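Read top to bottom, the protein sequences are chains W and U.
1 is the number of the first residue of the first sequence in the numbering used here; add one for each residue after it.
1001 is the number of the first residue of the second sequence in the numbering used here; add one for each residue after it.
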Amino acid sequence: MKYKTASDRWFDWTNAILLALLAASMLFPFLYIFAVSFTTLDEFLHSELLLWPKKWVADAYLYILGSPTFLRSMGMTVYLTVAGTLVNLFFTTTFAFSLSRRIYGTRILLFAVLFTLLFSAGMVPTYLIVQATGLIDSIWALILPVAIAPFNLIIVRQFFMNIPGELYEAAIVDGANDLVIFWKLILPLSKPVLAAFALFYAVGHWNTYFAGILYLNDPRMWPIQVILRQIVVQNDSKAFGSSDVMAMLENPPPPETVQMAAILLATLPILLVYPFLQKHFVKGVMVGSVKG
Amino acid sequence: MNQTAADPNVSRAPAKVSSRIAMKLSRDKYLYLLAIPGILYFLVYRYIPMLGTVIAFQDYSPFLGFSDSPWVGWKHFRTILSAPEVIQVLWNTLYLSFLQIVFAFPAPIVLALMLNEVRSELYKRLIQTVVYLPHFLSWVIVVGIFIIFLRGEGLINHFLEVVLGWQPVDFLTNLSFFRPLIILQVLWKEVGWGTILFLAALAGINPDLYEASIVDGAGRWRQIWHVSLPGIRSTIVILLILRLGNVLDSGFEHIFLMQNSFNKEISNVLDTYVYYMGIEQSDFSFATAVGLFKGLIGLVLVLGANRLAKRFGEEGIY
C-alpha cells in the first residue's frame, strides 16, 4: 500500500473533506453561540454572520450570574450530579461485584436484571412508587429511581469477572474477606472503567430534565435543564426571576444573548471535562460489549 | 424408622445439602451484604412498579388504593383499541420510529466506514473527538440550538432572506418540518456516538483480508463492500435487533421538547400520550394500560427479532 493511484487519492480527499464538514456542523453552533453571547444588541441586529464580535460585552453573563434562579438551579444540578453519581457507583459496583462471584441465586438475580432491559412498568406505576416512597419534591426522586442502569451493571460485572482468579485466591490466603477484597483489590483495579461509568452517570444527572418536571413541583428545586427549557425552548425571558440585575445594567442584554450565554454556561462543565475523559469513555462502551 | 435405618443416606442427604448451603451462605455473607442495595433497588423501583401495572385492570383511585379500587377487566384495553386518538398516537410513534430506522440507523455505519478509511491516525482521532461530543449534550440544549438557528429571526432565516431573497420559513411551527427536524436532531446528536461499536468491529477485521482484496485488484469501494461491510455484519444485525425492539420508543424527552400546540396532532407519541393522560390528567389506569400495551409489544418484538436473527444464522443477543 505504498503507492497511491489517482482514484485512491481522490477517494481520500473527498472522504477527509466530508468528515471535516460533518465535524464543522457540530462545532459551528457553539462558535456562533459563543460569539453572539458576547455581542451588543446593535451589532447582533446589524451583522450578517456574526462569528467574532467587534466589541465584546459580558452583560448577558453578568445578568445570568446575578440571577438567583440561575445560581440556585446550577447549585441544585451540581448537588444532584455529585450525590447521584456517588449513589450510582455505590449501588452498581456493590451489586456487580456480588453478582460476579457466583453466589447462590446469581442466576435468578441476573435474569431479574436482564428482564428489566426488556420490559419496564412504564411511567405511571413508577411515578406512583416514587410517590409512595415519599420522594416527590425531593431531589432524591431524581437519584434513587435511577440508582442502577441495568446495562451498566452488566458491563461492570463483566469487567469484574475478567479479573484473574489468582488475585482473589492470593487475597484470601492473606486473610482478606470479601469486603476487603472488594474495597482494596477490585475497586482500585477497576479505576479506568469506573471513571468511564462515573462520567456516563454524571452526564445523565447533569442533563436531567424531564424527571425534574415530573417529580419536583417546587420551581426552586428545578435543575438547570428545566430552567434552560423555559428560557430557550419556551422563550420565557422572565424565567431567570427578578429583574434587579437587569435594572442595574446600563444596557440590558437582549433575550437572544441571554439565551446563548445560558446555553454555554450550562454546557461548560461537560465541555471542560470532555477532552480529559474521552479516552476512558470509549473504553467504557467497549468493555463487555465487544467479545473478541 | 426401619427404612431410614436401613438407608441412612435418604434422610441424611437433604440435611447435608442444606448444611452445605448454610455453609456457603455464611462464607459468602459479605457478598450478600453487598448485594442488598442492588436487590432493594430492583425490587422497589423496577419490580414493584411492574406489579403496579395491575391498575390497568382497575379504575384506580389514589384514595381507594390498589386493594379497594374497583376491578374493570379489559375496559381500558378495549378503549385503546377503539379510540381514534390512540390509533393516531400509535401511528405517529411508528412513523417516527420507521423514519429513524431508515435514516438514523444506517448513518453511523456509513460514518464508521468513512472514519475507517482515514489513513491519518491523528486526523481520525480529531474528527472522532468532535463527532462524539453532541452525544453528551442534553436534549434541551440540542433542541435549544436548533430553535436558535431556525426561528423567524434566526441565522438560517436571516440567510434565506438576505442572501437568497426568500420569505422567512416557519420551521418550528410548520407541520411538514416536524418529522425531518426530529430526524436531523437525532442524527446530529447521535451519529458520531453510534460509530463506536462499528469502529471496534472494523478494527477487528483481519488486515490480511484487505491485502488479499488489493492483490485481487479491488479498489477502495470494493474493499468496503466486500471486506469491511461483511466484517461488521453481525454487529449491524445485533444493533438492528435491539433497535427493532424499541420501535415504540421514539425518544420521549426529545419529542416532548419539540412538541408545541401547532404540531401536537403528529407529534403526540405513546410516551407523551401516557404522560398527558396519566400525570397531567390523572387518568392513572388508562395511562397504565397504554404503557403496559406498549411494554408488552416491545417485549414481543425483541424476542421475535432475536429469533429471526438466529434463523438467519446470526448469533442473536441471548
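Just so it is clear, CB atoms sit at the ideal spot from N, CA and C, and this is done for glycine as well.
It should be emphasised that the depicted structure is a prediction, and the values quoted were computed from it without experimental measurement.
By Cβ distance below 7 Å, which residues in the same chain neighbour P147 (chain W) in space, the five residues on each side in sequence not counted? Against the first sequence, residue 147 (chain W) aligns to sequence position 147. Strictly speaking, residue 147 (chain W) in this sequence is Ala, with Pro absent from that position. V87, N88, F91, listed in sequence order.
Out of W:A266, W:G175, W:T85, W:K283, which has the shortest C-alpha to C-alpha gap to S1138 (chain U)? Here residue 1138 (chain U) is taken as the residue at index 138 of the second sequence, counted from 1. Minimum Cα distance to S1138 (chain U) is reached at W:A266.
Use the C-beta contact count for M74 (chain W): other C-beta atoms within 10 angstroms, 16 or more gives buried, fewer gives exposed. As a working note, residue 74 (chain W) is residue 74 in the first sequence. It is buried - the Cβ of M74 (chain W) has at least 16 other Cβ atoms within 10 Å.
For W1166 (chain U), does the three-state DSSP call read helix, strand or coil? Along the second sequence, read from residue 1 onward, the residue named residue 1166 (chain U) stands at position 166. If DSSP states are grouped into helix, strand and coil, W1166 (chain U) belongs with coil.
What are the residues in the segment 126-137 of chain W lying within 9 Å of chain U by C-beta distance? From the segment 126-137 of chain W, only T126, Y127, L128, I129, V130, Q131, A132, T133 have a Cβ closer than 9 Å to chain U.
C-alpha gap between I1147 (chain U) and Y1275 (chain U), whole angstroms: The count along the second sequence starts at 1 and reaches residue 1147 (chain U) at position 147. The count along the second sequence starts at 1 and reaches residue 1275 (chain U) at position 275. Cα to Cα, the separation comes out at about 24 Å.
Per DSSP, what are the beta-bridge partners of Q1058 (chain U) in this structure? Position 58 of the second sequence, counting from 1, holds the residue named residue 1058 (chain U). In the DSSP output, where bridge partners are listed per residue, Q1058 (chain U) has U:W1071.
Let's test the definition: count the other Cβ atoms within 10 Å of the Cβ of M1 (chain W) and tell me whether it reaches 16, buried, or not, exposed. Taking the first residue of the first sequence as position 1, residue 1 (chain W) is located at position 1. Low confidence applies here, because M1 (chain W) scores a pLDDT of 48, under 50, leaving its location unreliable; read the following figure in that light. By the neighbour-count rule (16 or more Cβ atoms within 10 Å), M1 (chain W) is not buried but exposed.
Could you pull the start and end residues of the alpha helix (DSSP H) that T93 (chain W) belongs to? Here residue 93 (chain W) refers to the residue found at position 93 of the first sequence. Here the alpha helix (DSSP H) through T93 (chain W) covers 68-100.
Are the C-beta of G1219 (chain U) and some C-beta of chain W separated by less than 8 Å? The residue labelled residue 1219 (chain U) in the question sits at position 219 within the second sequence. So yes, G1219 (chain U) belongs to the interface.
Does any residue of chain W bring its CB to less than 8 Å from the CB of D974 (chain U)? Coverage of chain U is limited to positions 1001 through 1318, which leaves residue 974 (chain U) absent and any answer about it impossible.
Starting from the beta carbon of N207 (chain W), find every residue of chain U whose beta carbon is closer than 7 Å, and list them in chain order. Mapped onto the first sequence, residue 207 (chain W) falls at position 207. Under a criterion of Cβ atoms nearer than 7 Å, the residues of chain U adjacent to N207 (chain W) are, in order, S1138.
What are the residues of the segment 147-158 of chain W that lie near chain U, defined by any Cβ-Cβ distance shorter than 9 Å? Cβ contacts with chain U: A147, I148, P150, L153.
Going by other Cβ atoms of all chains shown within 10 Å of its Cβ, with 16 needed for buried, is F1066 (chain U) buried or exposed? Here the question's residue 1066 (chain U) lines up with position 66 in the second sequence. In the assembly as shown, F1066 (chain U) is an exposed residue. Its beta-carbon has fewer than 16 other beta-carbons within 10 Å.
What residues from chain U crowd round L18 (chain W), counting only those whose CB sits closer than 9 Å? By 1-based counting over the first sequence, the position of residue 18 (chain W) is 18. Chain U residues near L18 (chain W): M1114.
Decide if T1288 (chain U) is buried, meaning its Cβ has at least 16 other Cβ atoms within 10 Å, or exposed. Within the second sequence, residue 1288 (chain U) is the residue found at index 288, counting from 1. Of the other Cβ atoms in all chains shown, 16 or more fall within 10 Å of the Cβ of T1288 (chain U); this residue is therefore buried.
In chain order, which continuous runs of the beta strand (DSSP E) of length 3 or greater are located wholly inside the segment 112-138 of chain W? Positions of the beta strand (DSSP E) runs, each at least 3 residues long and wholly inside the segment 112-138 of chain W, cannot be given because no such run exists.
Contacts of K1310 (chain U) in chain W (Cβ-Cβ under 7 Å): Taking the first residue of the second sequence as 1, we reach residue 1310 (chain U) at position 310. The premise fails here: K1310 (chain U) is roughly 16 Å from chain W at the closest Cβ pair, so nothing lies under 7 Å.
What is the DSSP secondary structure of K54 (chain W), reduced to helix, strand or coil? Sequence index remark: in the first sequence, residue 54 (chain W) carries index 54 (1-based). DSSP places K54 (chain W) in the coil class of the three-state scheme, outside both helix and strand.
Quick one: what does DSSP say Y1095 (chain U) is sitting in, helix, strand or coil? Numbered from its first residue, the second sequence carries residue 1095 (chain U) at position 95. Per DSSP, reduced to three states, the secondary structure at Y1095 (chain U) is helical.
Proximal residues of chain W, C-beta to C-beta of T1053 (chain U) below 9 Å: Residue 1053 (chain U) sits at position 53 when you count from the first residue of the second sequence. Think of a sphere of 9 Å around the beta carbon of T1053 (chain U): the chain W residues whose beta carbon falls inside it are A121, G122, V124, P125, in chain order.
Name, please, each residue of chain U whose Cβ falls closer than 8 Å to the Cβ of I90 (chain W). Here residue 90 (chain W) refers to the residue found at position 90 of the first sequence. According to the sequence as given, residue 90 (chain W) is Phe; it is not Ile. At a beta-carbon threshold of 8 Å, the residues of chain U lying near F90 (chain W) are P1037, ordered along the chain.
Spell out whether any CB of chain U is found under 8 Å from the CB atom of Y79 (chain W). As a first step, residue 79 (chain W) is located in the first sequence; it is residue number 79 there, counting from the start. Among the residues facing chain U, Y79 (chain W) is not included, as its CB has no counterpart in that chain under 8 Å away.
Flag this pair as touching only if the segment 1203-1213 of chain U and the segment 1182-1195 of chain U have three or more C-beta atom pairs under 8 Å; answer yes or no. They do not touch, by the three-pair rule.
For S982 (chain U), which of U:V1169, U:I1183, U:D1028, U:V1072 has the nearest alpha-carbon? Absent from the model: residue 982 (chain U). The displayed extent of chain U is 1001 to 1318, so no value can be given.
Where are the alpha helix (DSSP H) runs, 4 residues long or more, that stay fully inside the segment 163-248 of chain W, in chain order? Taking only runs of at least 4 residues, the alpha helix (DSSP H) segments lying wholly in the segment 163-248 of chain W are 165-173, 191-206, 210-215, 224-228, 244-248.
Using a Cβ-Cβ cutoff of less than 7 Å, which residues in the same chain neighbour L1257 (chain U) once the five nearest sequence positions on both sides are dropped? Mapped onto the second sequence, residue 1257 (chain U) falls at position 257. Cβ contact annotation for L1257 (chain U) (same chain, cutoff 7 Å, sequence separation greater than five): W1139, V1140, V1143, in chain order.
Assuming Q1185 (chain U) is part of the alpha helix (DSSP H), what are its boundary residues? By one-based count along the second sequence, residue 1185 (chain U) stands at place 185. Unbroken alpha helix (DSSP H) run through Q1185 (chain U): 1175-1203.
Rounded C-alpha distance that separates A261 (chain W) from N235 (chain W): Translated into the one-based positions of the first sequence, residue 261 (chain W) becomes position 261. Translated into the one-based positions of the first sequence, residue 235 (chain W) becomes position 235. Rounded to whole angstroms, A261 (chain W) to N235 (chain W) spans 14 Å at the Cα level.
Kindly indicate which three-state DSSP category L1301 (chain U) falls into: helix, strand or coil? Numbered from 1 along the second sequence, position 301 holds the residue referred to as residue 1301 (chain U). It is helical.
Looking at chain W, is there any beta carbon in it that lies within less than 8 Å of the beta carbon of M1023 (chain U)? The residue you call residue 1023 (chain U) lines up with position 23 of the second sequence. It does not; no Cβ of chain W falls within 8 Å.
Is it buried or exposed for G1052 (chain U), if we count other Cβ within 10 angstroms and need 16 for buried? Here residue 1052 (chain U) is taken as the residue at index 52 of the second sequence, counted from 1. That one is buried.
Give a yes or no on contact between the segment 218-225 of chain W and the segment 67-81 of chain W, applying the rule of three or more CB pairs nearer than 8 Å. Inter-segment contact for the segment 218-225 of chain W and the segment 67-81 of chain W is present: three or more beta-carbon pairs are separated by less than 8 Å.
When you compare the CB positions of K1024 (chain U) and Y104 (chain W), do they come within less than 8 Å of one another, or not? As a first step, residue 1024 (chain U) is located in the second sequence; it is residue number 24 there, counting from the start. As a first step, residue 104 (chain W) is located in the first sequence; it is residue number 104 there, counting from the start. Contact flag set, yes.
Going by DSSP, what residue range makes up the alpha helix (DSSP H) through G105 (chain W)? In the first sequence, residue 105 (chain W) corresponds to position 105, counting from 1. Taken as a continuous stretch (DSSP letters only), G105 (chain W) belongs to no alpha helix (DSSP H), as it is neither H nor E.
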